[in-house]
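Asks: Residue numbers (our numbering), protein chains in the order written: chain A, 1063 to 1317; chain B, 20 to 351.
#1: Since residue 1159(A) meets chain B, which of its residues come closer than 7 Å, beta carbon to beta carbon?
#2: Which bits of chain B does residue 1138(A) rub up against, with CB to CB less than 7 Å?
#3: According to the neighbour-count rule (16 or more other Cβ atoms, all chains shown, within 10 Å of its Cβ), is residue 343(B) buried or exposed?
#4: For residue 1158(A), I'd like the list of residues in its chain whose CB is within less than 6 Å of its CB, leaving aside the five on either flank, ordered along the chain.
#5: Go ahead and label residue 99(B) buried or exposed: buried means 16 or more other beta carbons lie within 10 angstroms of its beta carbon, across all protein chains shown.
#6: Does residue 1311(A) come within less than 8 Å of chain B when only Cβ atoms are used?
#7: For residue 1057(A), tell me which candidate among 1149(A), 1131(A), 1295(A), 1081(A) has the shortest Cα-Cα distance.
#8: Might you give, ordered along the chain, the residues of its own chain that have their beta carbon closer than 6 Å to the beta carbon of residue 1123(A), omitting 5 neighbours on each side?
#9: Only counting runs of 4 or more residues, tell me where the alpha helix (DSSP H) segments fall wholly within the stretch 1078-1165 of chain A, in order along the chain.
#10: Applying the 10 Å Cβ sphere with the 16-neighbour rule, what's the burial state of residue 1167(A)?
#11: DSSP beta-bridge partners for residue 1296(A)?
#12: On the DSSP bridge assignment, give the partners of residue 1064(A) in chain order.
#13: Taking just the CA atoms, how far does residue 256(B) sit from residue 272(B)?
#14: Could you have a look at residue 1233(A) and say whether DSSP puts it in helix, strand or coil?
#15: So is residue 1375(A) buried or exposed if we call it buried at 16+ other beta carbons inside 10 Å?
#16: Look at residue 186(B) and residue 93(B) and say whether their C-beta atoms are less than 8 Å apart.
#17: Within 10 angstroms of its Cβ, does residue 83(B) collect 16 or more other Cβ (buried), or is it exposed?
#18: Identify the continuous beta strand (DSSP E) that holds residue 1269(A) and give its terminal residues.
#19: Write down the C-beta distance between residue 1137(A) and residue 1113(A) rounded to the nearest angstrom, noting that I regard them as a contact closer than 8 Å.
#20: Going along the stretch 1166-1180 of chain A in order, which residues come within less than 7 Å of chain B, judged by CB to CB distance?
#21: Can you round the beta-carbon distance between residue 1169(A) and residue 207(B) to whole angstroms, since I take them to be within the 8 Å contact cut?
#22: Considering only their Cβ atoms, is the gap separating residue 1240(A) from residue 1220(A) smaller than 8 Å?
#23: Count the C-beta pairs between the stretch 59-78 of chain B and the stretch 234-244 of chain B that are closer than 8 Å, then say yes if the count reaches three, no if not.
#24: To the nearest angstrom, report how far apart residue 1152(A) and residue 220(B) are at their CA atoms.
#25: At 8 Å on the CB atoms, spell out the chain B contacts of residue 1230(A), in chain order.
#26: For the stretch 1222-1238 of chain A and the stretch 1253-1271 of chain A, state whether three or more C-beta atom pairs, one from each stretch, are separated by less than 8 Å.
#27: Taking Cβ-Cβ distances below 9 Å as the criterion, which residues of the stretch 109-135 of chain B are in contact with chain A?
#28: Can you give me the Cβ contacts of residue 115(B) inside the same chain, cut-off strictly under 7 Å, excluding the 5 residues immediately before and after it?
#29: Check the Cβ-Cβ distances between residue 1154(A) and every residue of chain B, and say whether any is below 8 Å.
#30: Mind pulling the chain B residues with CB within less than 9 Å of residue 1162(A)?
#31: Classify residue 1223(A): buried if its beta carbon has 16 or more other beta carbons within 10 angstroms, exposed otherwise.
#32: Could you tell me whether the Cβ of residue 218(B) comes closer than 8 Å to any Cβ of chain A?
#33: Taking three-plus beta-carbon pairs below 8 Å as touching, is the stretch 36-53 of chain B in contact with the stretch 215-231 of chain B?
#34: At the level of alpha carbons, what is the spacing between residue 111(B) and residue 118(B)?
#35: Quick check: the Cα distance between residue 1079(A) and residue 155(B), rounded to an integer number of angstroms?
#36: Considering only their Cβ atoms, is the gap separating residue 215(B) from residue 282(B) smaller than 8 Å?
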C-alpha cells in the first residue's frame, strides 16, 4: 500500500506551468530524494503536498485519503510534516517553545482549562515539556532549550526545524534542502542523523536537495525534476549516468 | 494549587478590594480617585489589545469601537431593563444592583466580542497596514452608527446612566483581565497565538489552525474592551460617541507599543504612565500636549521595542540593576 500518491498533479501560476503532470508514489519506510536545478519546481511539489497551494489538476492521496483540498493544518494532523528551505522558525520564541507549538495539535486542555490552570492543565504542560526536552536531546539542542531561537547558529536552526517537524508526530517527513548552507562535514553528519531518525521514528522521508552528491549517499530512489517535468527516476547509480540529468545540470554537449 | 484554595484566594482578593473600596473611596480626593479608576480601565484596554496586537501580531486600531459597543450596551441594559429587574427581583438592593451591573457588563462584553468576531474575519485575508485600516474603519462605523440611535442618546450623548462603577469593580475586572490574558498567553494556546505572530505559514504547517486563533484573539480582546467601556459609562454616568473616536484607539495602541508588544507587565506600566502623564503635566498648561508628545518621542527613540520589549518584568532585573549601581558607587 502506498503511503503517498501523487497522480498527474499540475499547478499553474497564471500562464506559467510550474509543475506538469507530476507522478510520485512513496511506499512506507522509503527515503526518496527529489532533485533538480534551481527553479525546477521541487519546493512547489512540497507546497502542494502540504496544502499551501492546492494543485490545479490531479490528485494527491495520503494513506488512501484524498488531501487535495485540505488546509495545511489539517494535513499536518493527518501525519505530514515539513521543514522549509529558508528557515522558518518562530524566531522570537525560545527553542523549546518552537517544539511545544508543534505538539499543540495533540493537546487537550481547552481555553478555559488554561485560564483556570486546572490540575489537568499542569500535568499536560509538564509532560509536554518533558517530551520536548527529550526530542531536543536527540538533536543535541536540549542544553539550549531556553535560548531565543533566532540567536542559534545556522546549523542548529536547521536541526531545530527538523525537531519541530517531528514534534507533530508525522508519518511522512518532507525535508526541503536540509543541508543548504552547510559545509561537507556538517552535511555528512546531518545525513547520518536523518537516516537515524528515520529508523527511530519509523518515518517515510522525501528529501529535496540541490546538490546531487548529498542525496546519492542516503536515498534509495531519486526523482529528477526540471522545468516542472520529471526527467528521470530510479536508483542513484542509474540517475548518475542518465544523459537527461547530466544535460539538465551541466547543459547540452556542443557538437 | 487545588480548586478549593483557588476559590478561597479569589474570595480573599474580592474581600480585599471591597475593604479598599470602602476605606479609600470616601476619604480620597475625588480627582485622584478618578485618575485611579481611569488607570484601571486603561490597563484593561491595553492588556486586552496586547493579546491581539502584541501576542497574535494582528495590528488592530479599532479598540475604541469595541469599547463603545460594550459601554452603550451595558448602559442601555442597566438604564432601561435595570429598574424593571430590580422591581421584580425580591432581593435586597445591595445584592440585586451589582447583579444587574454585572449582567449588563457581561452583555456588553459579549456583544463587543461578537463585533470582534466580525472584525476578526477580514483579518484572515488581510495583514499589516491593510488590516489596521479595516479595524480603524470598523471602529468609526460603530461610532457613527451609535451616533444615530436616538434611544441611547444619539448626538446628545447617553445621560443618567446609573452610577454602579466603584473602585471595587475596577480593581476586580482589572485583575481578572490580567489573570485571564496572562494564563492564556502562558499556555499551549498562548504559544499558538505567538506562533501566528512569528510565522503564519510555519504555524499552519505545524498544525496550528491560524484562522481560529486570529479570530479568537479578536473575540477575547474585544470582550474585555467591552467590559472597560461598561465600567467607564457607569462611572461617568454619561456616554458620548466623542469618547470613542479613533484617537482613543490610538491611545490604547500607544500603551501597547510603549509597554512592549507582547509584554503584559509592559502594557500595565505604560497604561499607568500614559494615564498619569497628562495629569502630571497640568502645571505647564497650554503646552501640556506638546510635552506629552515630546516625552513619547523620546521614549520611542530610546526604547523602540517598548519598555519591556517582548519580555515580562521580573524582580531579578531590579536586583541586577541595583547591585550594578551599588558596585559602581563602591568602585567610585
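A virtual CB, placed ideally from N, CA and C, is assigned to each residue, including glycine.
Replies: Walking through what the data contain:
#1: 210
#2: 224, 225, 226
#3: exposed
#4: 1194, 1207
#5: exposed
#6: no
#7: Any answer about residue 1057(A) is impossible in this case: the structure gives chain A only from 1063 up to 1317.
#8: 1067
#9: 1104-1111, 1134-1140, 1157-1165
#10: buried
#11: 1284(A)
#12: 1089(A)
#13: 26 Å
#14: coil
#15: As displayed, chain A neither begins before 1063 nor continues past 1317, which places residue 1375(A) out of reach and without an answer.
#16: no
#17: buried
#18: 1266-1271
#19: 4 Å
#20: 1166, 1167, 1169, 1171, 1173, 1176, 1177, 1179
#21: 5 Å
#22: yes
#23: yes
#24: 11 Å
#25: 225, 226
#26: yes
#27: none
#28: 105, 108
#29: yes
#30: 207, 210
#31: buried
#32: yes
#33: no
#34: 11 Å
#35: 40 Å
#36: no
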